[in-house]
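Visitor: Taken in order, these protein sequences are the chains called A and B. Per the numbering used here, numbering through the first sequence is continuous, rising by one, with the last residue being 204. Per the numbering used here, numbering through the second sequence is continuous, rising by one, with the last residue being 972. Sending over a structure as structure tokens; questions will come in a sec.
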Amino acid sequence: MEVLDPLDPMGPHGPIYGERTADALSAACQIVAALYRSPGEGLRDDLASGRLGKISDALAHDTGLDAPRGPHAPPDFDTLRSSYVSLFVSRVGGVPAPPYVGLARDVELMGPTVQRLRSDLEALGLRPNPQWRELPDHLAAVAEAVELLLERNRVGAALALTSTYLCAWFVRFADAVAAADDSGFYGEMSRFLRSVLKEVAPRA
Amino acid sequence: MKRREFLKLSAASVGALMVASETQALKLPNPLARAPKAWYDGEVSTVLTYCENCFWKCGVRASVADGRVWKVDGYAKNPKSRGRLCPRGQGAVAQTYDPDRLKRPLIRMEGSERGEGKYREATWDEALSVIASGMLAIKERYGSESMAFFAHGSGDTWFGDYLPAAWATPNVGKPSVSLCTGPRETAAQWTFGRGIGGHEPIDWENTDYIVLVGHHIGEDTHNTQLQDFSLALKRGAKLVVVDPRFSVAASKADRWLPIKPGTDTALLLAWLNVLVTEGLYDKAYVERYTVGIEELTAHVQPFTPEWAAPITDLDPDAIRAVARELAAHAPRAVVPPGRHTVWYGNDTQRMRALYLVNTLLGNYGVEGGFYFAQPPYIEKYPHAAFPLEPSSGGCSGASGGETIDTGYRASVDHGKFFAKTTAVQELIPAMISGEPYRIAGLIAYGVNLFHSIPNVARTQEALKKLDLYVAIDVLPMDHVMWADVILPEATYLERYDDLVEIAHKTPFIELRQPAVEPLWDTKPGWWIARELGLRLGLEKYFDWPDIETYLDKRLSTIGSSLAKAKQAGTLVQRGRPYLSDWEQRNLDPFGTPSGKIELYSQSFADAGFDPMPVYEAPEEGPAGSYRLLYGRSPVHTFAKTQNNWVLMEMHGDNAVWIHTAEAASLGLKSGDYVWLENQDGVRDGPIAVFATERLRRDCVYMVHGFGHRAADMKIANARGASDTALMSRYRLDPISGGAGLRVNFVKLVPGAPRPRLPRLTKLAERSV
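Shown next as structure tokens:
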């Protein structure tokens, strides 16, 4: 695994890491973007078609981790939707893992980390879609940003976003998801993604 | 792997971001290396609105930068705040940015039970359609009256008045009436012919002598009331506090009367006795403005201080001295009515006695006593006439409606109470028994059903029997997660509400306007009510396209506009605070049948009630138990704010106060943990013991609002005990419908474990 200098991730002469890292990060962010948004037909299709399973398996292979079983034997879709609400949206007294990267660092929503993220995205030419009825630091949004950057071969910036924002959330909340997840699906995937991101962005 | 495949997969989910420009930075600097810009370093705008963190409705200035509210301050030109704000108001921003907020509509999973907490997300259209379909089915099967609405908070305009009246149900309850101010307002209506109102009209700035009876100013903090009270004491006003507990107010008092709980009426009757028998009352005032002094004079003869002393456990000389001091300072002497007056079930009569003391002092409508609080002038929106008039009342009292034949069935508690009020707790039995007819559906707006209504087990049983239960709220409180459909409301910083009309010495209108856009897919109450109304076929009552049109229309009736109101925030009018103001205009301020203050109430006599107050001894508790008293925390509002870490850092749990000697007799000391078990075997806790001599030996005391029991409650859960959980009994006031709550008794059961809870500071760091 390449070593990333977070102060100058691009290096003076361009990327200092290889295609494999970018591929793995892209795959991980595809999964994050698909899993941590409200479960809809897209996720149902990704699970039913086996696409999510294939990507997870490939990602596990590339990073030397055990492949998660969840995508191959997911709970029924109603259970998934109910678990999603209970873990990430609303439950009595509060959800165990609000899916906002700012919460991994700040004491409240829309705090300084979100300001930084907005500023970083703006510097990268990205801004939240006004139709998006979620907060700008939602996991799925950040994952999409990383993926867009990778698509434009801006791997250093993608890695910096990952290590600064995404990893912090998974480090803090993956176990909380696993502890509270009756379905087992989100818990397993959260821990898997935490391990993947640690491999891909080791300085996080 | 091929990335292009993943991008294809991703295409279905892309939607959060847009590419803004191609002039992108060459690299992303390390974000953590940069010092964050302070929010106030950039452009900060100010939005005038009013607070929602308690019912005082203080005018506030919200400071907004980068689309976020960072700070809320009092608004100097608003008579409710005068530029100051309490901790609850300042901490309210944390609620808007609480990650636990309800975020989008939820529908209970098919096959799951109420209370199981299994939900799926839904669109607004689906959620509202499910509700409308359920309501229409109930109407078809049982009639529109079989839908009940419970509401609390500023938005209760929409769900306690507007929508229920348009839908046509009289079964609308607000805890602010029968669980709070009902007796106070009913007594005032039948004594003065006027209510007290949400802003108690005490002429603090001119009074010289104050007697608080069970009134915890400083603990139940109402911003300007506390300011005025403090200024009065600073000016040299004398203070007497009547309370079984040495409260914060008592600590400022010249005299503390540690009365036996439940005997206040005896004390008030003794004061009436002294004022009458010693000829200390204001004879000119009484002659001119009252009826019934002869009857009252005869009535109070037996109630000497010596008669009251053994009942109240007070020194008769102290009782007499306070009556004389009141008279010596009259009319600039006042016994304020307090707010939460549902104590022992005979509460309207107690409040009548309190008003009669004030009347004999000649202070009603006079400087230094009570002023006349006039509501501001403004017209309603000219919608089509509702089939039923709103009848639930509010902080300023019950409306006392249902006096005409409306063509609809009366509320299920109709006939229980003289005042024709609707008592929220009395609507619940009909959900279980179906008598006199079935309540099959409930919309609960902003009411914590499990922390405000006594007999929680009965409420839960009732919820299970409903055909439709809808909760509209900001946070996923315990009762919310029982609903079939949950609708997330925007917080007060994100929404408009109807105009608030404050009856006051200088009547005023407050505007609520959004400081920022609602987060997530939350909606304001007015929008929810209107959209639901449209789906229910109630279009003619919702002919305004949006709230801006509605508000602008109303404001135009006073020569203003929404644009002007947004700039001003508060619109102040002139009042008529004193009797002299009314007499100059040949107006009669007293709306009683006699047109005067009624010391003797013929209306009560005709209805079979005592026309003048009579003392009833309170029921005693089982041996070894203590009467359960409760009160407020100055930094919390009811049970609403215990998940706010900013406020919990200031007051993070409650303790049970018990006299030191009683604690010692039980082998307890401060810091020990106990269970509290009431007369019916209901147990709650663990709760810490606070052994103190600031309380009588026959009662215990705890602050209301703590003791949430929810496995995943991260901040509020398991901190202290719930007084409501221990209120399995209440005693109804047959006149007002108030539920007397101080009729429960508890034992302290030693041996409870000290709860192993994370430190609040640690939770604050996690913010979840």
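Backbone N, C-alpha and C fix where the C-beta goes; we use that ideal spot for every residue, glycine too.
Apart from the five residues on each side of it in sequence, which residues of its chain come closer than 7 Å, Cβ to Cβ, to B/W371?
Guide: S348, M351, L740, L742
Visitor: Closer than 7 Å by beta-carbon distance: list the chain A residues that pair up with B/A298, in chain order.
Guide: E108
Visitor: So, are the CB atoms of B/G572 and B/T428 less than 7 Å apart?
Guide: no
Visitor: Within 10 angstroms of the Cβ of B/S774, are there 16 or more other Cβ atoms? Answer buried if so, exposed if not.
Guide: A quick correction: the sequence has Thr, not Ser, at residue 774 of chain B. By the 10 Å Cβ count, B/T774 comes out buried.
Visitor: What residues match up with B/F353 in a beta bridge as DSSP calls it?
Guide: B/V376, B/I647
Visitor: Name the residue from B/P959, B/I657, B/R946 whose alpha carbon lies nearest to the alpha carbon of B/P465.
Guide: Here the closest residue by C-alpha is B/R946.
Visitor: Just to check my reading of the structure: B/H202 and B/L653 have Cβ atoms closer than 8 Å, yes? What is that Cβ distance to the nearest angstrom?
Guide: Chain B is shown only over 205 to 972; residue 202 of chain B falls outside these bounds and no answer can be derived.
Visitor: Between which two residues does the alpha helix (DSSP H) containing B/S829 stretch?
Guide: No alpha helix (DSSP H) holds B/S829; DSSP gives it neither H nor E.
Visitor: Once DSSP output is grouped into helix, strand and coil, what is the label at B/W861?
Guide: strand
Visitor: Mind checking if A/V89 is an interface residue toward chain B, Cβ cutoff 7 Å exclusive?
Guide: yes
Visitor: Based on DSSP bridge pairs, tell me the residues matched to B/D277.
Guide: In DSSP, B/D277 forms a bridge with B/R265.
Visitor: Given that A/L135 touches chain B, what residues does it touch there, using C-beta distances under 8 Å?
Guide: Here the neighbours are L723, W724.
Visitor: Which residues does DSSP pair with B/Y323 in a beta bridge?
Guide: B/R312
Visitor: Excluding sequence positions up to five away, which residues of its chain have a Cβ less than 7 Å from the Cβ of B/V953?
Guide: Cβ neighbours of B/V953 beyond the five flanking positions: V878, W879, E881.
Visitor: Tell me the DSSP bridge mates of B/A892?
Guide: DSSP, once it has assigned bridges, lists B/A859, B/Y877 as partnering B/A892.
Visitor: Determine, using beta carbons only, whether A/P99 comes closer than 7 Å to chain B.
Guide: no
Visitor: At least one CB of chain B closer than 7 Å to the CB of A/V85: is that the case?
Guide: yes
Visitor: In whole angstroms, what is the alpha-carbon distance linking A/I16 and B/W686?
Guide: A caution first: A/I16 carries a pLDDT of 38, below 50, which makes its placement in the model too unreliable to give a value.
Visitor: So the candidates are B/K284, B/T508, B/C903; which of them puts its Cα closest to the Cα of B/K261?
Guide: B/K284
Visitor: Please classify B/F450: does DSSP put it in a helix, a strand, or coil?
Guide: coil
Visitor: So for A/Y36, helix, strand or coil by DSSP?
Guide: coil
Visitor: Quick one, are the C-beta atoms of A/L150 and A/V32 less than 7 Å apart?
Guide: no
Visitor: Using a cut-off of 7 Å between C-beta atoms, extract the partners of A/S38 located in chain B.
Guide: E325
Visitor: Quick check: A/R152 and A/F170, are their CB atoms within less than 7 Å of each other?
Guide: In this structure, A/F170 does not lie closer than 7 Å to A/R152 by Cβ.
Visitor: Going by beta-carbon coordinates alone, are B/V415 and B/V539 separated by less than 7 Å?
Guide: Contact flag set, yes.
Visitor: Give a yes or no on whether the C-beta atoms belonging to A/E108 and B/Y301 are separated by under 7 Å.
Guide: yes
Visitor: To be precise: take each residue of the region 845-871 of chain B, compare its Cβ to all Cβ atoms of chain A, and keep it if any distance is under 8 Å. Which residues remain?
Guide: N847, W849
Visitor: How big is the Cα-Cα spacing for B/A827 and B/Y782?
Guide: 51 Å
Visitor: Return the CA-CA distance between A/L135 and A/G42, expressed in angstroms with no decimal places.
Guide: So the two alpha carbons sit approximately 20 Å from each other.
Visitor: Leaving out five residues before and five after B/T796 in sequence, what residues of the same chain have Cβ atoms less than 6 Å from its Cβ?
Guide: G397, E802
Visitor: Taking 7 Å as the CB-CB cut-off, is B/D304 touching chain A?
Guide: yes
Visitor: With distances taken Cα to Cα, identify the nearest neighbour of B/E693 among B/P718, B/I713, B/H544, B/P711.
Guide: B/P718
Visitor: When we look at the beta-carbon of B/T607 and count the other beta-carbons within 10 Å, is it buried (16 or more) or exposed?
Guide: Per-residue confidence for B/T607 stands at a pLDDT of 48, beneath the threshold of 50, marking its modelled position as unreliable; no derived number is given.
Visitor: Listing by chain order, which chain A residues have their CB less than 8 Å from the CB of B/R388?
Guide: Correct list: empty, because the minimum Cβ distance to chain A is about 34 Å.
Visitor: Figure out for me which residue from B/Y585, B/F353, B/D521 has the closest Cα to the Cα of B/I762.
Guide: B/Y585
Visitor: Please go through the same chain and pick out, in chain order, the residues whose beta-carbon is closer than 7 Å to the beta-carbon of A/L87, but skip the five residues on each side of it.
Guide: V95, P96, A97, V177, A180, D181, Y186
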